[in-house]
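To start, the structure under review is shown below, and the notes come after it.
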Amino acid sequence: MVRAAARNNAEWCAAMSRSHGVAGEFGVQAWAAPVRTPPYYPDAVTLVPGADAAALVGRIDTAAPGACVKDSFADLDLTEAGFRVLFDAQWIHRPAGAPTTSPELAWDVVRDRKTLRAWESAWGEEGLFRAELLDEQATFVIAGTNSEGRVAVGAVASRSDHVVGVSNLFASEDGADRAWPVVLEAAHRLFPALPVVGYEQGEDLEAALRQGFEAVGPLRVWVHG
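Once you know that position 211 of the sequence shown is 210 in numbering that gives the first Met the number 0, the rest is easy, because the numbers rise by one and skip nothing.
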């Protein structure tokens with residue numbers, strides 16, 4: 000399941016990078032981009048345990064500030080290459096067909112630029128999520144709206160062969176506990192046969208566990224400099 004989650008996350012990072020004009024490449028051991036990726040997104044994601052650290056670092060641009068590696072199995076040591084640990088987290092998994100709680104908000108998939116702008120504004124930053132994402136067939140930007148029609152909850156769902164990954168989860172009020180019922184209902188309706196995966200840490204991890212996820216393995220994010 001960790002391998003499936005890592006692959007799914009790498010595919011999402013690749014889609015986000017493409018939307019910014021950055022073309023990464025999948026290899027046997029990792030996905031990597033030769034130039035810096037968008038803010039908050041890694042330059043490489045390992046796909047298997049025991050990846051060759053030197054080869055991985057050689058595929059990314061460490062000269063540009065903030066180069067980042069997602070160590071999907073938390074089994075690399077990149078300190079000699081000038082990296083430090085940015086954070087540790089846990090991959091999470093929720094089985095397909097697991098019961099969901101009826102959400103208090105209506106939801107839909109974002110399909111136009113105007114709604115994407117409203118979604119991004121609610122997320123808290125502008126300019127990262129570009130309209131090109133709407134052309135990615137495996138990417139679904141989910142928006143939960145309140146009674147006034149404003150985006151109050153959101154996430155990105157990324158479909159791959161064996162799982163659907165959830166990232167960028169947010170809620171304008173009450174945090175992840177309000178967002179998850181909406182997003183899990185959307186995932187169930189859109190992908191009823193696929194388990195849901197992602198990764199979280201701290202209080203957000205605790206919130207995911209309350210929604211029926213289980214922690215299935217550690218990951219580590221390294222940043223250069």
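Even glycine gets a Cβ: it sits at the ideal position worked out from N, Cα and C.
Please state if the CB of residue j and the CB of residue i are separated by a distance shorter than 7 Å.
i: A9; j: V44; result: yes
i: L208; j: T99; result: no
i: A156; j: A137; result: no
i: V109; j: A142; result: yes
i: V163; j: G197; result: no
i: L104; j: V181; result: yes
i: P217; j: A117; result: no
i: R193; j: A95; result: The sequence given here places Leu at residue 193; Arg does not occur at that position. A contact, by the Cβ cut-off of 7 Å.
i: G20; j: W30; result: no
i: P37; j: K69; result: no
i: S18; j: E131; result: yes
i: I91; j: A214; result: yes
i: Q28; j: A50; result: yes
i: R93; j: G211; result: yes
i: A14; j: E135; result: yes
i: L46; j: R6; result: yes
i: A178; j: L168; result: yes
What are the start and end residues of the beta strand (DSSP E) that includes residue i?
i: R219; result: 213–223
i: G197; result: 195–199
i: D107; result: 105–108
i: G23; result: Note, G23: premise wrong, no beta strand (DSSP E); not H, not E.
i: T144; result: 138–144
Which of the three DSSP states, helix, strand or coil, is assigned to residue i?
i: S120; result: helix
i: E172; result: coil
i: T100; result: coil
i: A154; result: strand
i: R129; result: coil
i: V162; result: coil
i: D87; result: strand
i: R149; result: coil
Determine the extent of the alpha helix (DSSP H) in which residue i is found, giving its start and end residues.
i: A3; result: 1–18
Write down every uninterrupted run of the alpha helix (DSSP H) in the segment 25–71 whose length is 4 residues or greater and which is fully enclosed by it, in chain order.
52–56
Validate contact between the segment 41–60 and the segment 147–161 using beta carbons, cut 8 Å, 3 pairs:
When C-beta atoms of the segment 41–60 are compared with those of the segment 147–161, fewer than three pairs fall below 8 Å, so the two segments do not count as touching.
Between the segment 79–87 and the segment 118–125, do three or more beta carbon pairs fall short of 8 Å?
no
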